[in-house]
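For what it's worth, the working numbering labels the leading residue of the sequence shown as 1, then goes sequentially.
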Amino acid sequence: MTAMCGIASFLSNRQWLNTPDTGWLTKLENDFTEASRSVDLMQAAAPLGVLADHFYDLMAFGLHMQLVRNQQVLASLSRVRDTIRNMRNAAAVKLEQGPRTDELEGLHETLSDYLWQIDREVLGNMQDTLALMPDNLAEDMDARDRHFLAWGTEQVLQSIDKLEVRGRDSAGIAVAFILPKGVDPEKRLNAAQKDELSMRCSINNADTRQVLVRTLPDGRTACRFLYKVAQLVGQLGDNGAALRAFITNDDLLWTMAEELETLNIIAHTRWASNGIISVPNCHPVDGLVEGDVSTGLEKTMFVLNGDVDNYRTLVEETVTSKGAFIPPVISTDAKILPVLFHLGVTEDGDAETRFRNVLKQCEGSLAVVMQNLSDFDSQFLAQKGSGQSFYVGKTQDGWLVASEAYGMAARARSSYPIAVHQQGGVSVILRDSDPADSIPVARYLESGDSVELAEEKIEIFSRDIFRGEYTHYIEKEIHEASDSVRNTLHGKYQKNGAAIKFLPEGFGNGPALVKRFKDSTTPIKRIICVGQGTAAVAAMAVAQLLRRTLAGTGLSVESYTGSELIGFMGNDRMDDVFLIPVSQSGTTTDTNRVVDLCRDQGAWVNCIVNRRNSPLVQKSDSYIYTSNGRDVEMAVASTKAFYSQIAAGKLLSLWLADVLGSMDAESILTEIEALEALPDKIDQVLANKDAIGEVAKKFAPVHRYWALVGNGANCVAAQEVRIKLSELCYKSIPCDVTEDKKHIDLSTEPLTLVMASDLPEMVAMDTVKETTIFKAHNGSPIVFCAEDETRFDGIAEATIKVPRVGGGLDFVLETVAGHWWGVMAAKAIDAHAEPFRKARIVLGGMIENPDTWDNKTLLVQLNKCIDRIASGATDSALPARVTASLANYMLWLVNQSADIHVTEARLGDILTVLNKAIEEMTRPIDTIRHQAKTVTVGISRPQG
């Protein structure tokens, strides 16, 4: 498994020394005040545009210091924030009243973006930065250099806070700064501080609180302070809090940083895939080894995302062969990178050449950043292999780097993505002297030829990725589902007494869509719904809803995965086709290729999409946005977007029924009221989430084989829940029609989730019989059914009841329940890795400190793992070979002498077994292995 980690860094220039002119802010305040007096809310667009143009002024250290020092500037920005809030609220009211327009919705979103940006990322960050400093320095307005140190460090830590969803068992940050020529930081230290400095300079293995001080050839002094934390099972935010506490309370740091000129900071959050979870294994790591080798290896630090697949070979060729060895307490494969920089290449090459040669020697998928005190003015980046990437952003105060775009969304509006798979990957060198308008230059690792990096807009703001009180993004997003559905409906129709008046202008190019359906010269005869993955299931549901409302029109309604449609459609004209592509992002390669080909053959394209102005929108003749057209999902497994796609499809089906006259006004009103009730019903399902979670906790971990079944509309729920269980729980799950299951694979005695909330009476009776059959054949059926259904109660292992909503939408509510069941199932599987994680901690302590070796203590911990396996709680995830390896080691160890020496105890072997067990049982929830975003290249079927 490719390691799930996060990297963030900052390399400053010297712009922070200048005090900026804030006259633009005064003018901006006046412009917003003037716009707020107008009855036309769109008057806010002009000052918003000016604010967007000043984004980098807004986020610069210069303005930060003005806010800290100047109460007038602080008051002015606060008034701008308050005006934006009032206008945002007014826009929300107008959107709800309708009609919705792209312009008004876009204005509301931009007002919301900059309200958050000013309130949280500027004013809130000012307080966060001051809180990072010792109280006396925070109040010292003349300590501009230390304020800059806090500001730069806090922005990197905030990036790590956002990235730790990628892994959080340990985190580290190396804060380095440069002092001018002739400035000796030790002269200002008192006796106690000098003793502390001496002690911390002698800390080995790049352990936490290590300090390194080096005089550079030009007479300047470089200082590096290292902070690390490692935890068994910490909550999101714990590591950041620990690192901040270390930094705030480090009097030595704040004293020695006086008169600093520039900052060079690298940081990492880690989910261990190699080695034990320990502070020495936490990144950044240095190149120091033990044995008869030259000194200076401690100057270089690396952070790594990914794995060095040939780590052991490199150690033997580069370290062991020279009579040296890597300290036993360090087992992370990242360690070889700084070692190679000094021992694996010739020292006479320039730093860039040596750095590139390090990466060329490594096999695997990697993204790395190097900080080298001999080249303090630079940061060295490299990326190779699939699944790893970097995003480089330029700000007024220097370069920002993050391994995900959302890691810098609060600080930059564009970035240069680095994800190159040709010629062995690329390297990029950032320098603190790079001009303000410079573009990062990438070079192929193999040839050295330059690669042009394309600047890409960062579409999201930090408010989109705020997790709030939830542990995981997917939990937050499921709870936001009801609002997403409500937003999808806003401004697209009005109720006039007992009738519904649809507002074509509330849809994207809606009037043209109506005209197309009323065109009798080339009438629409076929409606085709397409998508990929979850969007393909949504397309299936939309087709089903269209058949319900357009019965009697003679229109043929079909649904396909996009790639299947194109693969077998032939070359016939599609002038009579109304194509409905469904997509969350609007960038899905397969779907967009289908749209291109169908439109070329004459189809009218009406997309259902979440992302405003996405490529799919640009390819479409008309469109419907889900939610507000920018409802970001951070979790890879999509949830709220699916419900919103269904809501958009239902709304479209009723609108077309009104246009074509296939339903009367009363029927349309009834169906609209059911659709309007859907958000509250979703919340009602989630009110029962604890009970759903208990069912998942009881049954998910103890069953190796799972299955989904459903019939009619319930097939949609079954297909969608199957996808989420696969993504969240790493299960390969069959999905069948309920009545067909008994003819297929009852022999696996699976845990079967039966979707049965929306059934005619006859089918309900048959489903009860089928459930009885499942249980009779030693299966474990769990039935999702309507709240007033009782016939499954004495038959199924458990029932999960959901409310009815009507309008053909009952399947949506069992899908919500199934999604939540999947989240809780993944958590339950992950929780049973606890004894293995604890055993690894004990083992890690013995490897770090051999004096603590005790075979009985280790056996006790390993036996707890065996007990958990014997209970059946690991049956869902743990392969038999891992269990056998664990048992074989324990059998070997109990047959050894009680005083077996630690060097003969094969601790490395059992560490490998525990790592594999933990890897097999770990469920990150928000991120998944081999996600389509990193492996999909899309179909390439030509036309004709």
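The beta-carbon is built from N, C-alpha and C at its ideal position, and this holds for glycine as well. Small disclaimer: the values here were computed from a predicted structure and weren't measured.
Just the Cα atoms here: how many angstroms apart are residue i and residue j?
i	j	result
phenylalanine 867	glutamine 155	In the sequence under discussion, the amino acid at residue 867 is aspartate, which differs from the phenylalanine named in the question. Each residue's Cα considered, the two are about 45 Å apart.
serine 386	aspartate 309	14 Å
glutamine 15	serine 427	26 Å
aspartate 899	lysine 856	10 Å
leucine 597	leucine 728	34 Å
glutamate 261	isoleucine 178	6 Å
proline 760	aspartate 766	10 Å
asparagine 70	alanine 410	23 Å
alanine 131	alanine 191	28 Å
cysteine 5	isoleucine 829	21 Å
alanine 839	leucine 862	6 Å
leucine 886	tryptophan 821	31 Å
alanine 826	isoleucine 265	35 Å
aspartate 449	valine 420	13 Å
isoleucine 330	asparagine 281	5 Å
valine 165	alanine 637	14 Å
methionine 65	lysine 228	28 Å
serine 558	isoleucine 624	Checking the displayed sequence, the identity of residue 558 turns out to be glutamate instead of serine. Each residue's Cα considered, the two are about 19 Å apart.
arginine 443	arginine 356	9 Å
threonine 927	threonine 129	30 Å
serine 940	proline 581	With a pLDDT of 38 at serine 940, under the threshold of 50, the modelled position of this residue cannot be trusted; read the value that follows with caution. Their backbone Cα atoms lie some 18 Å apart in a straight line.
isoleucine 608	leucine 163	30 Å
Quick one, are the C-beta atoms of residue i and residue j less than 8 Å apart?
i	j	result
alanine 538	valine 695	no
leucine 304	valine 368	yes
serine 780	threonine 752	yes
leucine 651	lysine 501	no
alanine 402	arginine 270	no
leucine 359	threonine 318	no
glutamate 382	tyrosine 643	The displayed chain sequence assigns alanine, not glutamate, to residue 382. Cβ atoms of alanine 382 and tyrosine 643: not closer than 8 Å.
valine 783	valine 737	no
asparagine 239	threonine 300	no
glycine 152	leucine 263	yes
valine 279	alanine 324	no
leucine 104	alanine 90	no
aspartate 145	glutamate 258	yes
glutamate 739	glutamate 770	yes
Buried or exposed for residue i, please, with buried defined as at least 16 other CB atoms from any protein chain shown within 10 angstroms of its CB.
i	result
leucine 813	buried
glycine 618	Reading off the sequence shown, one finds glutamine at residue 618, where the question assumed glycine. Exposed.
cysteine 785	buried
phenylalanine 302	buried
methionine 762	exposed
arginine 699	Looking at the sequence shown, residue 699 is not arginine but phenylalanine. With 16 or more other Cβ atoms within 10 Å, it is buried.
glutamine 127	exposed
methionine 217	Checking the sequence, you will find proline at residue 217 rather than methionine. The residue in question, proline 217, is exposed, as its Cβ has fewer than 16 Cβ neighbours within 10 Å.
leucine 947	The chain is shown only over 1 to 944; residue 947 falls outside these bounds and no answer can be derived.
histidine 743	exposed
lysine 640	buried
Enumerate in chain order the residues of its own chain whose CB-to-CB distance from residue i is below 6 Å, with the five nearest sequence positions on each side excluded.
i	result
tyrosine 311	Asp333, Ile336
leucine 48	Thr110
threonine 19	none
valine 233	Legend: pLDDT at valine 233 = 49, less than 50; position of this residue unreliable, value from coordinates given subsequently. Closer than 6 Å at the Cβ level, and outside the excluded window around valine 233, lies no residue.
aspartate 621	Trp604, Val605
Ignore the nearest five residues each way along the sequence and tell me which others in residue i's own chain have a CB closer than 7 Å to its CB.
i	result
methionine 87	Ser36, Leu41, Ala44, Leu111
leucine 340	Leu314, Thr318, Val358, Gln361
Take residue i and list the residues in its own chain whose beta-carbon comes closer than 8 Å to its own, dropping the five residues that flank it on each side.
i	result
isoleucine 1027	It is not possible to answer for residue 1027, since the shown part of the chain is limited to 1 through 944.
glycine 98	His490, Gly491, Lys492, Tyr493, Gln494, Leu503, Gly506
cysteine 201	Gln210, Val211, Leu212, Val213
The ligand COA and residue i: does the residue's C-beta get closer than 7 Å to at least one heavy atom of that ligand?
i	result
asparagine 863	The ligand COA is not among the ligands present in this structure, which contains no ligands whatsoever.
Checklist entry - Is the region 833 to 842 in contact with the region 918 to 925, if contact means three or more CB pairs nearer than 8 Å? => result yes
Next on the checklist: Within 8 Å, do at least three Cβ pairs link the region 609 to 616 to the region 555 to 569?
Outcome noted: no
Next on the checklist: Using a Cβ distance threshold of 8 Å, determine whether the region 43 to 58 contacts the region 450 to 461, with at least three qualifying pairs required.
Outcome noted: no
Checklist entry - Are there three or more Cβ pairs, one per stretch, closer than 8 Å when the region 126 to 145 is compared with the region 658 to 667? => result no
Checklist entry - On the three-pair Cβ rule with 8 Å, is the region 716 to 723 touching the region 844 to 853? => result no
Item to check | At least 3 beta-carbon pairs within less than 8 Å: the region 630 to 650 vs the region 479 to 486 | outcome: yes
Checklist entry - Does the region 592 to 609 touch the region 573 to 581, meaning 3 or more C-beta pairs lie closer than 8 Å? => result yes
Checklist entry - Can we say the region 628 to 640 touches the region 461 to 473, given the rule of at least three CB pairs closer than 8 Å? => result yes
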